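Participant: I am attaching a structure below and will ask some questions about it afterwards.
Number of protein chains: 2
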Amino acid sequence: MNVSTEQLFTDARTHNGFTAEPVSPAQLRQLYDLMKWGPTSANSSPARIVFVASPAAKERLLACMSPGNVEKTRAAPVTAIVGMDMAFFDKLPFLFPHADAKSWFMGNKEFTDSTAFRNSSLQGGYFIIAARAIGLDCGPMSGFDNAKVDAEFWAGTSVRTNFICNLGRGDRGRLFARSPRLPFEEACRIE
Amino acid sequence: MNVSTEQLFTDARTHNGFTAEPVSPAQLRQLYDLMKWGPTSANSSPARIVFVASPAAKERLLACMSPGNVEKTRAAPVTAIVGMDMAFFDKLPFLFPHADAKSWFMGNKEFTDSTAFRNSSLQGGYFIIAARAIGLDCGPMSGFDNAKVDAEFWAGTSVRTNFICNLGRGDRGRLFARSPRLPFEEACRIE
Chain A
1 MNVSTEQLFT DARTHNGFTA EPVSPAQLRQ LYDLMKWGPT SANSSPARIV
51 FVASPAAKER LLACMSPGNV EKTRAAPVTA IVGMDMAFFD KLPFLFPHAD
101 AKSWFMGNKE FTDSTAFRNS SLQGGYFIIA ARAIGLDCGP MSGFDNAKVD
151 AEFWAGTSVR TNFICNLGRG DRGRLFARSP RLPFEEACRI E
Chain B
1001 MNVSTEQLFT DARTHNGFTA EPVSPAQLRQ LYDLMKWGPT SANSSPARIV
1051 FVASPAAKER LLACMSPGNV EKTRAAPVTA IVGMDMAFFD KLPFLFPHAD
1101 AKSWFMGNKE FTDSTAFRNS SLQGGYFIIA ARAIGLDCGP MSGFDNAKVD
1151 AEFWAGTSVR TNFICNLGRG DRGRLFARSP RLPFEEACRI E
């Protein structure tokens, strides 16, 4: 499928308002079927996602959001809770079948936790770019009560919430002015 | 610039061998000038990158790599050390000028550390996709001695290494068979 770097990076914006245009289950599958191919350490693929689409589920989520994030989350057709499976290693016999990668992680909580956090966040980057690739706009957020979201949406599992991202067709009239980025010389060097 | 989702996701692979084709400083700038636009929390943009290109710098890096990562890192024309500035909040008056975002982080080490790790990893996802967008192949790695890399490349700074990524033109003849991904039903649900 053809896309452009303008659509993915240079013209894309974080959206705070969304039109009423719906997001279909087929689009959510298309999004996942792109992002899942992004690389992770030992193919660990720790990200787990709840797509909050129904009004009832949205109300449960709104009760967990910081005040400044409630209205835009209510307006978004779908809100994705991007979680990380802290027991991702249980799936390594399927995901990484050519070595006993599960044994690298079992019983090493610090290594496991950092691997889950780093790689589910990498997958969060793939998620945002993949959403833009299929024509959706994103509104990623960190302002919510993690413990409440975990209790509402991941109870009885080994998944914990990483971040939350509104999805839909953004209303460009409600964008803020774009903030600057660091110049190459401040963020990078070549040795 | 036109790209395709095949180039970015479905046909792209993690590479273990690279051709001799060089990577120019102009390409590294082009890569950064795409990835920098990806969203981060409060526009915090904590990622910092050393592009290791010279033979002398490469030797210093090779001494820090796990044995299984030495030869492929030697073969790559450029290896990127993707770091995270744990004092990223010092740049928020420039990056997020419309609020006193620096005060949200100062003195809150747990919040600051998790923000740096999550958002530099998100930027790692943007980095990998942006590299593919400009025609480079990636070989991201977690197998290295973090303390040694930090001492060699980030001494005297507040930056710590997140992950390392080889860059170049991949040698598709040296690819392993592709590992599977979790089906939608195992990684996602719609509520």
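Line order of the protein sequences matches chains A and B.
First residue of the first sequence? That's 1 in this note's numbering, and the numbers climb one at a time after it.
First residue of the second sequence? That's 1001 in this note's numbering, and the numbers climb one at a time after it.
Beta carbons: idealized from backbone N, C-alpha and C, even for Gly.
All values reported here derive from a predicted model rather than from experimental measurement.
Taking only the alpha-carbon atoms, compute the straight-line gap between ILE1134 (chain B) and ILE1128 (chain B) and give it to the nearest angstrom.
Facilitator: 10 Å
Participant: Going by other Cβ atoms of all chains shown within 10 Å of its Cβ, with 16 needed for buried, is PRO22 (chain A) buried or exposed?
Facilitator: Burial state of PRO22 (chain A) is exposed, judged by a 10 Å Cβ sphere holding fewer than 16 other Cβ atoms.
Participant: Helix, strand or coil for PRO25 (chain A)? Go by DSSP, reduced to three states.
Facilitator: The DSSP-derived three-state label of PRO25 (chain A) is helix.
Participant: Three-state secondary structure (DSSP) at ILE134 (chain A)?
Facilitator: coil
Participant: Just confirm the distance between the C-beta atoms of PHE51 (chain A) and LEU28 (chain A), as a whole number of angstroms; I'd bet it's less than 8 Å.
Facilitator: 5 Å
Participant: Thinking just about the alpha-carbon of each residue, which of A:CYS64, A:ARG160 and A:PRO183 is nearest to the one in ASP113 (chain A)?
Facilitator: A:ARG160
Participant: Based on the DSSP output, what are the partners of ILE190 (chain A) in its beta bridges?
Facilitator: B:PHE1051
Participant: In chain order, what residues of the segment 1099 to 1124 of chain B put their CB closer than 9 Å to some CB of chain A?
Facilitator: SER1114, THR1115, PHE1117, ARG1118, ASN1119, SER1120, SER1121, LEU1122, GLN1123 and GLY1124
Participant: Measure how close the beta-carbons of PHE1117 (chain B) and MET1065 (chain B) come, nearest whole angstrom, since I'm counting them as under 8 Å.
Facilitator: About 21 Å separates the two Cβ atoms, so there is no contact after all.
Participant: If you compare alpha carbons, which of A:LEU62, A:ARG189 and A:GLY107 is closest to ASN146 (chain A)?
Facilitator: A:LEU62
Participant: How many Å lie between ARG169 (chain A) and ARG132 (chain A) at the Cα?
Facilitator: 10 Å
Participant: At a cut of 8 Å, does the segment 147 to 158 of chain A reach the segment 1147 to 1158 of chain B through at least three beta carbon pairs?
Facilitator: By the Cβ test, the segment 147 to 158 of chain A is not in contact with the segment 1147 to 1158 of chain B, since fewer than three Cβ pairs between them sit closer than 8 Å.
Participant: Closer than 8 Å, CB to CB, is GLU1071 (chain B) near chain A or not?
Facilitator: For GLU1071 (chain B), not one C-beta of chain A is nearer than 8 Å to its own C-beta.
Participant: Measuring straight from C-alpha to C-alpha, what distance separates ASP137 (chain A) and PRO1055 (chain B)?
Facilitator: 42 Å
Participant: Go ahead and pull the three-state DSSP assignment for ASN119 (chain A).
Facilitator: helix
Participant: By Cβ distance below 6 Å, which residues in the same chain neighbour ARG1048 (chain B) in space, the five residues on each side in sequence not counted?
Facilitator: GLY1083, ASP1085 and VAL1159
Participant: When the cut-off is 8 Å and only beta carbons count, does SER1024 (chain B) lie next to chain A?
Facilitator: no
Participant: Take PHE105 (chain A) as the anchor and find which of A:PHE94, A:ALA20, A:ASP90 and A:VAL78 has the nearest alpha-carbon.
Facilitator: Distance check between PHE105 (chain A) and each of A:PHE94, A:ALA20, A:ASP90 and A:VAL78 places A:ASP90 closest, using alpha-carbon atoms only.
Participant: Alpha carbons only, please: which of B:ASN1166, B:GLY1125, B:THR1079 and B:LEU1122 is nearest the one belonging to GLY1139 (chain B)?
Facilitator: Comparing C-alpha distances from GLY1139 (chain B) to each of B:ASN1166, B:GLY1125, B:THR1079 and B:LEU1122 shows the shortest one belongs to B:ASN1166.
Participant: As a quick exercise: from A:ALA177, A:SER41 and A:ALA75, pick the residue whose alpha carbon is nearest that of LEU53 (chain A).
Facilitator: Before going further, note that residue 53 (chain A) is Ala rather than Leu in the sequence given. Per the Cα distances, A:ALA75.
Participant: At a Cβ threshold of 8 Å, is ALA1187 (chain B) touching chain A?
Facilitator: yes
Participant: Per DSSP, what are the beta-bridge partners of PHE1144 (chain B) in this structure?
Facilitator: B:MET1065
Participant: When you compare each of A:ALA12, A:ASP33 and A:PHE163 to GLY124 (chain A) by their alpha carbons, which one comes out closest?
Facilitator: A:PHE163
Participant: Measure the C-alpha to C-alpha separation of PHE1088 (chain B) and GLU186 (chain A) and round it to an integer number of angstroms.
Facilitator: 12 Å
Participant: Closest to PRO1039 (chain B) by CA distance: which of B:ASN1119, B:PHE1176 and B:ASN1069 is it?
Facilitator: B:ASN1119
Participant: Hey, is PHE184 (chain A)'s beta-carbon within less than 8 Å of any beta-carbon in chain B?
Facilitator: yes
Participant: List, in order along the chain, the chain A residues whose C-beta lies closer than 8 Å to that of GLY1038 (chain B)?
Facilitator: PHE9, GLY125, ILE128 and ILE129
Participant: Are there 16 or more other CB atoms within 10 angstroms of the CB of MET141 (chain A), so buried, or fewer, so exposed?
Facilitator: buried
Participant: Could you have a look at LEU216 (chain A) and say whether DSSP puts it in helix, strand or coil?
Facilitator: In the structure displayed, chain A extends from 1 to 191; residue 216 (chain A) sits before or after that span and is not available.
Participant: Run through DSSP, which three-state label would LEU167 (chain A) get?
Facilitator: If DSSP states are grouped into helix, strand and coil, LEU167 (chain A) belongs with the strands.
Participant: Check each residue of the segment 1152 to 1177 of chain B: if its Cβ is closer than 9 Å to any Cβ of chain A, include it; give the result in chain order.
Facilitator: PHE1153, ASN1162, PHE1163, PHE1176 and ALA1177
Participant: Please report the straight-line C-alpha distance between PHE111 (chain A) and SER103 (chain A), rounded to a whole angstrom.
Facilitator: Straight-line Cα distance between these residues: approximately 12 Å.
Participant: May I have the straight-line CA-CA distance separating ASN2 (chain A) from LYS148 (chain A), to the nearest angstrom?
Facilitator: Each residue's Cα considered, the two are about 40 Å apart.
Participant: With H, G and I counted as helix, E and B as strand and the rest as coil, what does DSSP make of SER207 (chain A)?
Facilitator: Since the first residue shown for chain A is 1 and the last is 191, residue 207 (chain A) is missing from the structure and cannot be characterised.
Participant: Quick one: residues in its chain with C-beta nearer than 7 Å to the C-beta of VAL70 (chain A), no 5 flanking neighbours on either side, listed in chain order?
Facilitator: LEU62, listed in sequence order.
Participant: Give the range of the alpha helix (DSSP H) segment to which SER1103 (chain B) is assigned.
Facilitator: 1102 to 1105
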